[in-house]
Structure formats: structure tokens, C-alpha cells
Amino acid sequence: FILCCMFILVAKLWKLQVATSADYRSQQENQSVRAIRLPATRGRILDRNKQPLAVNRLRFDVHVYIDELRPLFREHYFRLKNGRKLGRSEQLKLGREARYQVASNLTMQVSMRLGQPLILDPERFHKHYQRKLYMPLAVMQDLSPDQVAKFVELIHGVPGIDLSVNPVRTYPNGDMAFHTLGYLRREDDPEEDREVPFSYRYRLPDYAGIDGLEGFFDRRLRGAAGAKTIRVNNISYRTSEDVWAWPESGQDLELSIHRDIQLAAEESLKSHGPETRGAVVVMDPNNGDLLALVSRPGFDSNKFISGFSKDEISQLSDSRLNRWLNRATGSGGVAYPPGSIFKIISSVAYLEEGILDPNDKVYNRGFFRNERLYPNYKLDDTAPPGDYDFIKAFKLSSNTYFIHYALTPDDRTDQWQQGKRILLDWGNRFQLGKRTIQAQAVSGDELPSPVREGGGYFPPVGNEYKKIDQYGRRSKWSAGDVANLCIGQGEITVTPLQMAVMTSAVANGGKLIQPRLVLRVNSPHALGQAQNRIIPPKIVSDLNLKPETVSLLHEAMLADVEDRDGSGRASRVRGMSIGGKTGTAQKKVPTGKFHPRTGIRLYRTDHITWFVSFAPVEAPRYAVVVMVESGESGGTTCAPIAGRIYRAIQEIERNAKEGGPRLAKR
Numbered sequence: 181f182i183l184c185c186m187f188i189l190v191a192k193l194w195k196l197q198v199a200t201s202a203d204y205r206s207q208q209e210n211q212s213v214r215a216i217r218l219p220a221t222r223g224r225i226l227d228r229n230k231q232p233l234a235v236n237r238l239r240f241d242v243h244v245y246i247d248e249l250r251p252l253f254r255e256h257y258f259r260l261k262n263g264r265k266l267g268r269s270e271q272l273k274l275g276r277e278a279r280y281q282v283a284s285n286l287t288m289q290v291s292m293r294l295g296q297p298l299i300l301d302p303e304r305f306h307k308h309y310q311r312k313l314y315m316p317l318a319v320m321q322d323l324s325p326d327q328v329a330k331f332v333e334l335i336h337g338v339p340g341i342d343l344s345v346n347p348v349r350t351y352p353n354g355d356m357a358f359h360t361l362g363y364l365r366r367e368d369d370p371e372e373d374r375e376v377p378f379s380y381r382y383r384l385p386d387y388a389g390i391d392g393l394e395g396f397f398d399r400r401l402r403g404a405a406g407a408k409t410i411r412v413n414n415i416s417y418r419t420s421e422d423v424w425a426w427p428e429s430g431q432d433l434e435l436s437i438h439r440d441i442q443l444a445a446e447e448s449l450k451s452h453g454p455e456t457r458g459a460v461v462v463m464d465p466n467n468g469d470l471l472a473l474v475s476r477p478g479f480d481s482n483k484f485i486s487g488f489s490k491d492e493i494s495q496l497s498d499s500r501l502n503r504w505l506n507r508a509t510g511s512g513g514v515a516y517p518p519g520s521i522f523k524i525i526s527s528v529a530y531l532e533e534g535i536l537d538p539n540d541k542v543y544n545r546g547f548f549r550n551e552r553l554y555p556n557y558k559l560d561d562t563a564p565p566g567d568y569d570f571i572k573a574f575k576l577s578s579n580t581y582f583i584h585y586a587l588t589p590d591d592r593t594d595q596w597q598q599g600k601r602i603l604l605d606w607g608n609r610f611q612l613g614k615r616t617i618q619a620q621a622v623s624g625d626e627l628p629s630p631v632r633e634g635g636g637y638f639p640p641v642g643n644e645y646k647k648i649d650q651y652g653r654r655s656k657w658s659a660g661d662v663a664n665l666c667i668g669q670g671e672i673t674v675t676p677l678q679m680a681v682m683t684s685a686v687a688n689g690g691k692l693i694q695p696r697l698v699l700r701v702n703s704p705h706a707l708g709q710a711q712n713r714i715i716p717p718k719i720v721s722d723l724n725l726k727p728e729t730v731s732l733l734h735e736a737m738l739a740d741v742e743d744r745d746g747s748g749r750a751s752r753v754r755g756m757s758i759g760g761k762t763g764t765a766q767k768k769v770p771t772g773k774f775h776p777r778t779g780i781r782l783y784r785t786d787h788i789t790w791f792v793s794f795a796p797v798e799a800p801r802y803a804v805v806v807m808v809e810s811g812e813s814g815g816t817t818c819a820p821i822a823g824r825i826y827r828a829i830q831e832i833e834r835n836a837k838e839g840g841p842r843l844a845k846r
């Protein structure tokens, strides 16, 4: 019997110490080692002159290392106990209170010396002690330079207190280019960007890019996270740590944006009012570089990291201002009727097809009406009555003149079909209704589209129906629809970015150039040297415009600004020749109310105002498009804003000649 018992005991010992020793060793390792994910430093976003748009600053935080406070915990515990005999539950409660009092007293002592008295939250401390004892506890964050100096000088010899330095995202220009840059959101469980031989027990705070460049290039900007392991003892106090993999910082983006022009465009748009809803696009018509991309109202991207006040939360949820919409690119499905700026395309169509002689005159009665051919269509004209040739009709924006050539009245009542075909053909040649920026492959690497863009709506060529709505209802073309089309009214919608492409094509002689927002993607980790992936300019198509068409349009757009009776005269700038075109379109906006008897939704009429332009006319370098919702007219609302922008550009060029920041050519 004794021999059998000894055999069973030996067999059990063999199973514990030999057969299952690896499992127990692994469990012991898992219990004593904590794997921690270390976020990488996010890549920078710079303008064309390497001025900062989104960078990282150093944030100084005060941390308490709880494992270094154990002697103080023990000493304070016995002081509170004072020789009393306590039960197990009372001992645990007293130990819990002793630890909090020690940590709280240290926090108050340090914070008072730094001029910012703080009381340590007991619930937060106990939760940290139970779950993350091996990690330091942050008690003060984002110290000012004065507080950092006081810490170095005054907080000397205080046990368990240390100053940590962490990179944090910052946008030095506040709310500038909010929709273009995007913003960050805290992410506690990010996807892994490298394989690790263990699972993380804890992750330091990391941020994910949301929308804009931060979102589209998030993986490139974020870099590769690192990892470290902390060894703890049987009561979870830290004993040592080892960095297993150092983080690799993200790639830098270099944009075509010119910070000074962007700031000037933002301020010019805000000059119309602090709650202006509108957009500005400044584009180089020679290579497609977007020098400014403005959408108002916006928001300060820094607030998504530092936190919001109640007032700021209400601003974000304001449905009327709708700060989330990128009005410049049309993200979120927002697009606008072009109004009279579409007359630029109508002019190109008429001149290229040879149905318009610029010297012929058309009489304007102050309204358009052809009782014999189109008795059901009538439209008022904002231009005064009189005879109009092309230049006069263009600068005074005569509806009658352009409708006359769209309908080409004669004895055949279906002649408006020719006008429809020509206008649809040229509208599609200008890529209306299509996105202007697409993904590009550079050096075998696919780069995403840098902005979320809407395309608006423009009917395709040969379409029997002008539009098919979401319910499948079809609307057939009529003469009135063609008349509205040629002056930019009706069903068509566009974005300011598309209008910048259109204006640039007229300025450069007929080349449709893809807008370029990202110039370079810089990778600083290849053999210790930066590798720059350059995104080249791209010509989408050549319209092959006749030289006389381009010359006449330049002359007409210059007259619109330079002549005293031109609708865009408010944009004039001394010393700079500007060619422009104003536009005012009507848009039905739901009021949120319904007819009391019929239940039909009620609408109100809103005005979408435009001004498209380029300068200098003799050698175009800038195309400026301004759009404002609920404006008065293109000439009184948008043209003055464009004038402010051109004056700022003039000043920037003057400073560049004197040795300031240059408008670098890429």
C-alpha cells in the first residue's frame, strides 16, 4: 500500500514538474509581463513652402509612479492603524484609504507649487490602482512653459513624481483649412500595423485621422507603432521594462496650398460676416495646384484633441450652418446651380460651333419672350433694354442674348434640340457632373484621392430626359429647359472646385487640368534619407479651342471687371488685370413647414452667388472662384471678396520680391 502511494505521488510530481512545466512557465510569464503598445509620432502636413499646417508639439505631463510610493503607503498605513487590531476587511479598507491619501497629498503638493491646485479624483485613482498598477498615473497634463520651469526648479526629490514628454497633434493656424486637413479622434483599439509575438495588455492613447487629409492618408501619417514590455512582481508593481520595438514616425505630406493665400482667402470670405456659408478656390491654371481651398464655416481641429465646451458642441450641431459640409469640393452631396457663370460654357459652345457672330446684335426688351414659337416660356432679364453684341451681353449678363442663340428661333419649332445638343456636348467636355480629383499611382504605389468630393449633376449627351429623380419619375426636355440651361438655371448643379477647373481651362487656352492638392509624400526612413514621392501635374483633356475663341473670352471677362458697367467691377485691383464673370442662381430651400390643408412641403427661394475669375489676363497665374450662399448677387457679394484675395496675392508677391516667402513653382 505504501509503495502504491509513493508511485502515485511520484507520477503526480512528474506530471507537474515535467509534463506540464511548459504550460505553467508560460502562465507565469503572462502573469509577470505586460505588453504595451507605443504610438508613433504622426507625420507632418506642410504647405508648398514647408510652412506648418498640421504638426506635433511636445506636451509635458506630470505622472505619479505608484510602485515608488510603496514605502510611503506602508508608513501611512501603520500611522492610521495606530496599533489597533483590525479584521481582514477593515485592513483592506484602511490600506485603500492610506494609498489614496498619500497620492492625493503628493498631487496637491506638486500642483500647488506649479500654481494650479488639483484634488486627485478618488474613483480614478482606485480604478487605476486595480487595473494599471504597473503604469504611471497622469495627474497634470499639458503644462505651460512656466510650469515646466517651476517643475524643474521646485519639484526636486519628491518621490514617485516625474515629468513625461509626449508628442501631441496641433494645428498652428486654428480653424484654417479645417475641411481640407480633417481632424483626429481618439482611438483606444487601433488596428495593428506590424506583427508582434504577443497580445497587448495596454495601449497608450492613439489618434485616428477622420476625413480630409488626416483621414485619407491616415496609415501613412500614423506610422508604425512600437511596443515595450514591463515585468511586474506578484502584486503587480513594476520591476523592469524593455522596449521591444521602437515606433517609426509617419510620412510627411507636402501640399500645394500656400498658407498665406489660404489665410487671406479665409479672412476675405469671413469679411462678409462671421456666419458666411460659402467657399473659395484659388488654383494655378497652368499646373492645377490648389493654392487655397476654403469652406466656411469650419471649426478648429485642435478642439477634437483638447475637448469641447457646451457652446462648441452646439455650434457643431447647428443644422443651418452645417460646419461639416465641405462646400468647396461638394462633399456630403452639396452642389449648387451655377447661374450666369455657366454662360462661359455657353459662349464657348456658340463660338466653337459657329452659330454666334460676336459682332451681331440682339435686341433685349428687358425680358425674353417668343409668342409665336414658345408661347409658354417667358423670362425677365436683369440687363437693361437695348441692342447687345457679345461683349456687352457678356459683361451685363444678358439672359435674352444667350437664350436667343440657345433656341435659335426660326420656322422650325424643334430647333431648340440643336441648342440642347450643343450645350450638353460642351458641358460634358468640361467634365461637369464628374469628380475632378481621382486616385493616382506613383512609383507603383496607389495614392488615395486627397479630398472627399461631390460631382454635382449634369445630364449626359443624348439623354432624352433632363433628370430622373429618386422615385424613377422622368422629366422630358422642353424649350424652356434648354433656355434655362444656357444661363445656368434648372436641374444642373456644380461645385466651386469644378468651376475652378472650368475657369482655368479658359485661362490657359483650353486644357482641363486635374486639381493637385498633394505635391509630395515624404518618407524619412529609407536608408536614413528622405524619399520623396512626387505627384506630377495631369492634363485630363485638351478642348482644342480656337485661338479667337480664347482671345474673345479673355476680352469679355476683362471687360466684365474693367468697364464701369461691368457686373464684376467690384473686384478691380490697381496694377492687376483681372478677367471675371458674376453669377446669381436661384435655389429652392425647404422651410421645414407644410401647407396646413394640402400637407405639401413649403419652400423658400435662396440665392447662390458666384464670381469666377483669373489673373493676370495677359499671363494667367491664378484662378479665383468665390461662392456664397444666401448672397445678394455675384457682383455685390462675391466680386468684392475676390478683390480682397487678389490684393492679398499682390502683397504676397511684393514681399516675395523683397526676400519673403515665395510662390514656389512645382
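For my numbering, add 180 to where a residue sits in the sequence shown, where the first one is 1.
No residue lacks a Cβ here, since even glycine has one placed at the ideal position from N, Cα and C.
If you're wondering where the values come from, they're calculated on a predicted model, not measured in any experiment.
Keeping to the same chain, check which residues put their C-beta closer than 6 Å to that of residue i; ignore five residues upstream and five downstream.
| i | result |
| --- | --- |
| residue 469 | 436, 696 |
| residue 682 | 610 |
| residue 832 | 440 |
| residue 638 | 607, 612, 613, 672 |
| residue 838 | none |
| residue 334 | 293 |
| residue 347 | 221, 236 |
Look up residue i in the DSSP assignment and say whether it is helix, strand or coil.
| i | result |
| --- | --- |
| residue 618 | coil |
| residue 572 | helix |
| residue 812 | coil |
| residue 766 | strand |
| residue 846 | Residue placement at residue 846 cannot be trusted, given a pLDDT of 43 that sits under 50; the coordinates are not used to answer. |
| residue 592 | Caution is warranted here: a pLDDT of 46 is assigned to residue 592, below 50, making its placement in the model unreliable, and the coordinate value is therefore given only provisionally. Coil, per DSSP. |
| residue 775 | coil |
| residue 834 | helix |
| residue 754 | coil |
| residue 543 | strand |
| residue 824 | helix |
| residue 169 | Given a span of 181 to 846 for the chain in the structure shown, any question on residue 169 remains unanswerable. |
| residue 548 | strand |
| residue 829 | helix |
Enumerate in chain order the residues of its own chain whose CB-to-CB distance from residue i is below 8 Å, with the five nearest sequence positions on each side excluded.
| i | result |
| --- | --- |
| residue 628 | 396, 397, 619 |
| residue 421 | 408, 409, 410, 411 |
| residue 785 | 766, 767, 768, 769 |
| residue 165 | As displayed, the chain neither begins before 181 nor continues past 846, which places residue 165 out of reach and without an answer. |
| residue 230 | 434 |
Enumerate in chain order the residues of its own chain whose CB-to-CB distance from residue i is below 7 Å, with the five nearest sequence positions on each side excluded.
| i | result |
| --- | --- |
| residue 282 | 249, 252, 253, 256 |
| residue 775 | 782 |
| residue 592 | Caution applies to residue 592, whose pLDDT of 46 falls short of 50 and renders its modelled position unreliable; the value that the coordinates give is listed next. So no residue of the chain qualifies. |
| residue 188 | none |
| residue 345 | 238, 240 |
Considering Cα atoms alone, identify which of the options is closest to residue i.
| i | options | result |
| --- | --- | --- |
| residue 527 | 491, 571, 559, 258 | 571 |
| residue 722 | 362, 476, 712, 694 | 694 |
| residue 223 | 401, 186, 267, 766 | 401 |
| residue 295 | 351, 310, 357, 324 | 324 |
| residue 599 | 664, 305, 822 | 664 |
| residue 349 | 340, 219, 331 | 219 |
| residue 735 | 797, 768, 701 | 797 |
| residue 801 | 758, 236, 819, 763 | 758 |
| residue 463 | 746, 687, 240, 196 | 687 |
| residue 585 | 538, 656, 616, 716 | 538 |
| residue 702 | 299, 429, 297, 316 | 429 |
| residue 821 | 836, 792, 835, 799 | 792 |
Is any heavy atom of the ligand SAM found at a distance shorter than 7 Å from the C-beta of residue i?
| i | result |
| --- | --- |
| residue 764 | Absence of the ligand SAM from the depicted structure is noted, as is the absence of any ligand whatsoever, leaving it without description. |
Spell out whether any CB of chain C is found under 8 Å from the CB atom of residue i.
| i | result |
| --- | --- |
| residue 740 | Chain labels in this structure do not include chain C; a single protein chain is all it has. |
Quick one: complete alpha helix (DSSP H) runs, 4+ long, within the stretch 398–449? DSSP runs (the alpha helix (DSSP H)) wholly in the stretch 398–449: 398–402.
Quick one: complete beta strand (DSSP E) runs, 3+ long, within the stretch 286–373? Within the stretch 286–373, the complete beta strand (DSSP E) runs of at least 3 residues are 317–320, 341–350, 363–367.
Ordered list of alpha helix (DSSP H) runs contained in the stretch 250–292, each at least 4 residues: Listed in chain order, they are 250–261.
Just to confirm the assignment: which complete alpha helix (DSSP H) runs, minimum length 4, are found wholly within the stretch 448–521? Runs of the alpha helix (DSSP H) inside the stretch 448–521: 483–486, 490–496.
Does the stretch 714–729 come close enough to the stretch 529–541 to have 3 or more Cβ pairs within less than 8 Å? They touch, by the three-pair rule.
Below 8 Å, can you find three or more Cβ-Cβ pairs linking the stretch 487–497 to the stretch 656–664? Segments in contact, no.
Any chance the stretch 743–750 sits against the stretch 464–483, with 3 or more Cβ pairs inside 8 Å? As far as the Cβ criterion goes, the stretch 743–750 does not touch the stretch 464–483, which means the pair count is below three.
What are the uninterrupted segments assigned as beta strand (DSSP E) that are 3 or more residues long and contained completely in the stretch 633–701, given in chain order? For the stretch 633–701, whole beta strand (DSSP E) runs of length 3 or above, ordered along the chain, are 645–648, 654–656, 691–693.
4-residue-minimum alpha helix (DSSP H) runs that sit fully inside the stretch 706–752, ordered along the chain: Contiguous alpha helix (DSSP H) elements confined to the stretch 706–752 occur at 727–742, taking only those with 4 or more residues.
Tell me, please, whether the stretch 438–452 touches the stretch 345–365 by the rule of three or more beta-carbon pairs shorter than 8 Å. A contact exists between the stretch 438–452 and the stretch 345–365.
Taking 8 Å as the cut-off, does the stretch 184–192 touch the stretch 302–321 (at least 3 CB pairs, one atom from each stretch)? The stretch 302–321 vs the stretch 184–192: no contact.
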